[in-house]
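Asks: Before anything else, here's the structure in question.
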Amino acid sequence: MPAPHNAPCEVQFSQHRAYPGWGALLEMWKVLVRLSSLKYSKVVNHFLKLSKILTVGLLLTLMAFLPLSWLGFFLPKAIVITFSLGLVGLSLFLLRRPVVVSRTSTWVFGFFVLVGLYGILSRAPWSSVLGVSEAMQGLMVWLVYLSVFVIALSLKKEEWPGVFRGLAMGNALIVLYGLLQFCGLDPFGGYWDFDNFLGRPFSTIGNPNWLAAFLLLSLPVVYQQVNFNHSKRPSAFWLTLLGANGVLIFLTGSKAGILGLLVMGIGFLWKKGWKKVLASAVLMGLLLGLGSVAYFYRDFSSALRSTDARSIIWGHTLEMIESRPWGHGPDLFRFFYSSFNTADLWQVENIESAVDHPHNQFLQLTFEIGIWGAVLFYALIFHVLWRPLKTNEPLAWGIVAYLITNLFGYEVLPNGVLFWLFLGYLITSEPSPKKSRWQLSRFVFAALFLLNMGGAYFHFNHLQADFNYQKGQQALAEQNYAVALNAFDAAIQQFPYDRVFLLQATEVILASVNPSETLLQAAADYINQTNRLSASLDPDVSILEAWLASKQGDTDRFYQKLADAKHQNPVAITTYKIAAQIFKERGDSVSAQQEIAYLLRLLPPYWNNPETEEGRIFQKNHPWVLPLVDSF
Numbered sequence: 000m001p002a003p004h005n006a007p008c009e010v011q012f013s014q015h016r017a018y019p020g021w022g023a024l025l026e027m028w029k030v031l032v033r034l035s036s037l038k039y040s041k042v043v044n045h046f047l048k049l050s051k052i053l054t055v056g057l058l059l060t061l062m063a064f065l066p067l068s069w070l071g072f073f074l075p076k077a078i079v080i081t082f083s084l085g086l087v088g089l090s091l092f093l094l095r096r097p098v099v100v101s102r103t104s105t106w107v108f109g110f111f112v113l114v115g116l117y118g119i120l121s122r123a124p125w126s127s128v129l130g131v132s133e134a135m136q137g138l139m140v141w142l143v144y145l146s147v148f149v150i151a152l153s154l155k156k157e158e159w160p161g162v163f164r165g166l167a168m169g170n171a172l173i174v175l176y177g178l179l180q181f182c183g184l185d186p187f188g189g190y191w192d193f194d195n196f197l198g199r200p201f202s203t204i205g206n207p208n209w210l211a212a213f214l215l216l217s218l219p220v221v222y223q224q225v226n227f228n229h230s231k232r233p234s235a236f237w238l239t240l241l242g243a244n245g246v247l248i249f250l251t252g253s254k255a256g257i258l259g260l261l262v263m264g265i266g267f268l269w270k271k272g273w274k275k276v277l278a279s280a281v282l283m284g285l286l287l288g289l290g291s292v293a294y295f296y297r298d299f300s301s302a303l304r305s306t307d308a309r310s311i312i313w314g315h316t317l318e319m320i321e322s323r324p325w326g327h328g329p330d331l332f333r334f335f336y337s338s339f340n341t342a343d344l345w346q347v348e349n350i351e352s353a354v355d356h357p358h359n360q361f362l363q364l365t366f367e368i369g370i371w372g373a374v375l376f377y378a379l380i381f382h383v384l385w386r387p388l389k390t391n392e393p394l395a396w397g398i399v400a401y402l403i404t405n406l407f408g409y410e411v412l413p414n415g416v417l418f419w420l421f422l423g424y425l426i427t428s429e430p431s432p433k434k435s436r437w438q439l440s441r442f443v444f445a446a447l448f449l450l451n452m453g454g455a456y457f458h459f460n461h462l463q464a465d466f467n468y469q470k471g472q473q474a475l476a477e478q479n480y481a482v483a484l485n486a487f488d489a490a491i492q493q494f495p496y497d498r499v500f501l502l503q504a505t506e507v508i509l510a511s512v513n514p515s516e517t518l519l520q521a522a523a524d525y526i527n528q529t530n531r532l533s534a535s536l537d538p539d540v541s542i543l544e545a546w547l548a549s550k551q552g553d554t555d556r557f558y559q560k561l562a563d564a565k566h567q568n569p570v571a572i573t574t575y576k577i578a579a580q581i582f583k584e585r586g587d588s589v590s591a592q593q594e595i596a597y598l599l600r601l602l603p604p605y606w607n608n609p610e611t612e613e614g615r616i617f618q619k620n621h622p623w624v625l626p627l628v629d630s631f
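Spelled out as structure tokens, the structure:
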């Protein structure tokens, strides 16, 4: 929450930038129709070579990032992958390449249809389409996964080796950057808040746990390169990279990643019949696992803290599922979790953290698309993997290891792209009957081209807006509130679909000591836009509505919205923080002190005991607590 201030600026909530509508899509469709009537020449074939576009697109997706916020990891990858998939869709359209459909792939398409219906019919359709969480797992990301899956079904057998080799090279670059980070040689080291990860590498993926999941998923591709030429002397480079992958997985300190690696190694070596190798690998893995945990978590109570937090979140998630077992819609977890949360979580988790995932893929799918949707997903995975596991297919073991990590985490864009690509490959390798129809495929590829190009433009605008938002954050840190507010407003005009932009701008206005009517109207417009996006389900809005009502002198609405905020966010620290500030502005010191007392009850018992390690860490991470208490 920004400190109280005077903002000497007037910000108009101007008209949003227009986005391409149906007219633009119609024009693109006309171009496609004209192209489809032309003969696919050798020149076009050279510049739109399918496997090259896909390989380069995947490689750039894995590497793309900007040293900003989390959006600096997601948005560059989203732009690159959607643009690449659009080009691949155009190439497939011009090649008249059919989609190869089998019984299994038909069921997978049915699963995607189910996810789409849940998104469109969800309790907050706009938020389900765009995404709310930091991983942005709305329908726009599911469209990327569907596109990747369709393209995987359209690739020819001779095109896959080039794709796999490109992914292996991407793995090598990511491993190299991760090792540089661990050794303190990261060229972008000054931009990262490295303490958040306790010195663990995250490479270009954005998080140590996500990096471990990526390495497990791509490790079989590296293994394939070791034996690519079927020679007696495997390449030293690929063998070294294989070992470096294993080392980096341990260096991430991801317990789920280490477990996934052990399961993958045991399963694969057991099928190979290498009993001695298996025993040695298990022993070495256990020793390295214990060593990595001991290194990164010198205090084993810290090692268990994340596990304790997950167990609390899982319990709350089960309550949420029980309240609505048929599902809520994609990526809406954050909106509903806050009303089920309890103060127990703040004993083991950052008191200002927002929980937008249950950190368990099965629970997340069950929450989003109901128990039948989650069961359908895992039944399909089991069906696809059964035969490849019997034949000891490395990619199948990589998927198994990846799914194990997702029982303690969640999917992010680069990992999801590889997962659905490999799943499509395994389905095309099935011996079951397949059929293809170009008449149907051309509409599918045309849709891939149009939707992914539209998605690339959409994400590009989001990235441009995020640059303005980062300028605002910098100005806010320097207490230059006028510059910050104008930067936030510029971000909103560029991209009015990010709730974080809207909420931050509203807070800056309401923290003003004497905001003008124009500023209050802008705050009201920001709040209304947030409510439109979330269908009035966003739990962080009610307390801002209460603050706005107090500024406008509407006492009845103030108390009503304050009660709504405490009902939606009963243990949110920010709710009581802002409530105390509002009562202080109203001159009601007794009520302000009561709000502070409520806030203190939510804090862990060691919050005011700097002599203990927990208390020292708490006060270091939350330096505002003591000044806040003293000010009241």
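Numbering (numbering that gives the first Met the number 0), first residue to last: 0 to 631.
Don't be surprised by glycine CBs; every beta carbon is placed ideally from N, CA and C.
Keep in mind the model is a prediction, meaning the values are calculated, not measured.
Cβ atoms of L462 and I78: under 8 Å apart, would you say?
Replies: yes
Asks: What residue range does the alpha helix (DSSP H) around S217 cover?
Replies: Where S217 is concerned, the enclosing alpha helix (DSSP H) starts and stops at 207-225.
Asks: V347 by DSSP, collapsed to three states: which one?
Replies: Coil.
Asks: Here's the rule I'm using: 16 or more other beta-carbon atoms within 10 Å means buried, otherwise exposed. How should G109 be labelled?
Replies: exposed
Asks: Nearest chain B C-beta to I572 closer than 8 Å, yes or no?
Replies: Any reference to chain B falls outside this structure, which holds one protein chain only.
Asks: For S126, name the three-state secondary structure that DSSP assigns.
Replies: helix
Asks: Name the residue from G161, G242, P66, E410 whose alpha carbon lies nearest to the alpha carbon of A185.
Replies: Here residue 185 is Asp; the residue named in the question, Ala, does not match the sequence. When each option's Cα is compared against that of D185, the closest is P66.
Asks: Please report how far the alpha carbon of F494 lies from the alpha carbon of L154, in whole angstroms.
Replies: 36 Å
Asks: Return the bridge partner residues of S533 from the DSSP annotation.
Replies: S533 pairs with nothing; no bridge assigned.
Asks: Tell me the rounded alpha-carbon separation between L303 and N405.
Replies: A caution first: L303 carries a pLDDT of 44, below 50, which makes its placement in the model too unreliable to give a value.
Asks: Runs of 4 residues minimum, wholly inside the segment 340-395: which ones carry the alpha helix (DSSP H) assignment?
Replies: 360-389
Asks: Within the continuous alpha helix (DSSP H) that includes I204, where are the two ends?
Replies: From DSSP, I204 is part of no alpha helix (DSSP H); its letter is neither H nor E.
Asks: DSSP three-state call for S121: helix, strand or coil?
Replies: coil
Asks: Can you grab the Cα-Cα spacing for the pair R600 / K470, in whole Å?
Replies: 36 Å
Asks: Distance check for D343 and E594, CA to CA, integer angstroms please.
Replies: 19 Å
Asks: What do you get for G183, buried or exposed, if any count of 16 or more other CB atoms within 10 angstroms of its CB means buried?
Replies: exposed
Asks: Apart from the five residues just before and just after M452, which ones in its own chain have a Cβ nearer than 8 Å to its Cβ?
Replies: M27, T81, F82, G85
Asks: Quick check: is any heavy atom of the ligand NAP less than 7 Å from the C-beta of Q618?
Replies: Ligands displayed in this structure: none; no statement on the ligand NAP is therefore possible.
Asks: Give the DSSP-derived three-state secondary structure of S338 in the structure shown.
Replies: In this structure, S338 counts as coil in the three-state DSSP scheme.
Asks: Which residue's Cα is closest to the Cα of W325: I368, Y424, V347, A353?
Replies: I368
Asks: Considering only the alpha carbon of each residue, which of Y190, L179, P219 lies closest to T251?
Replies: L179
Asks: Starting from the C-beta of Q567, find all residues in its chain whose C-beta is less than 7 Å away, skip the five residues before and the five after it, and write them out in chain order.
Replies: S337, S338, P538, S541
Asks: For S511, which three-state DSSP category applies?
Replies: strand
Asks: Sorted by chain position, which residues of the same chain lie with C-beta nearer than 8 Å to L142's C-beta, five sequence neighbours on each side aside?
Replies: L450, N451, G454
Asks: Let's test the definition: count the other Cβ atoms within 10 Å of the Cβ of W345 and tell me whether it reaches 16, buried, or not, exposed.
Replies: buried
Asks: According to DSSP, simplified to helix, strand and coil, what is D465?
Replies: Residue state for D465 is assigned as helix, using DSSP reduced to three classes.
Asks: What do you get for F187, buried or exposed, if any count of 16 or more other CB atoms within 10 angstroms of its CB means buried?
Replies: exposed
Asks: According to DSSP, simplified to helix, strand and coil, what is L547?
Replies: helix
Asks: Under a Cβ-count criterion, where at least 16 other Cβ atoms within 10 Å of its own Cβ denotes burial, should Q473 be classed as buried or exposed?
Replies: exposed
Asks: So is N513 buried or exposed if we call it buried at 16+ other beta carbons inside 10 Å?
Replies: exposed
Asks: Ignoring anything shorter than 4 residues, give me the alpha helix (DSSP H) runs that lie fully in the segment 573-604, in order along the chain.
Replies: Taken in chain order, the complete alpha helix (DSSP H) segments of 4 or more residues contained in the segment 573-604 are 588-601.
Asks: Just to confirm my understanding: we take G177, look at its own chain, exclude 5 residues before and 5 after, and list those with CB closer than 7 Å. What are they?
Replies: P200, S202, L210, L247
Asks: From T103 to N359, what distance separates their C-alpha atoms?
Replies: 25 Å
Asks: At the level of alpha carbons, what is the spacing between I370 and M319?
Replies: 12 Å
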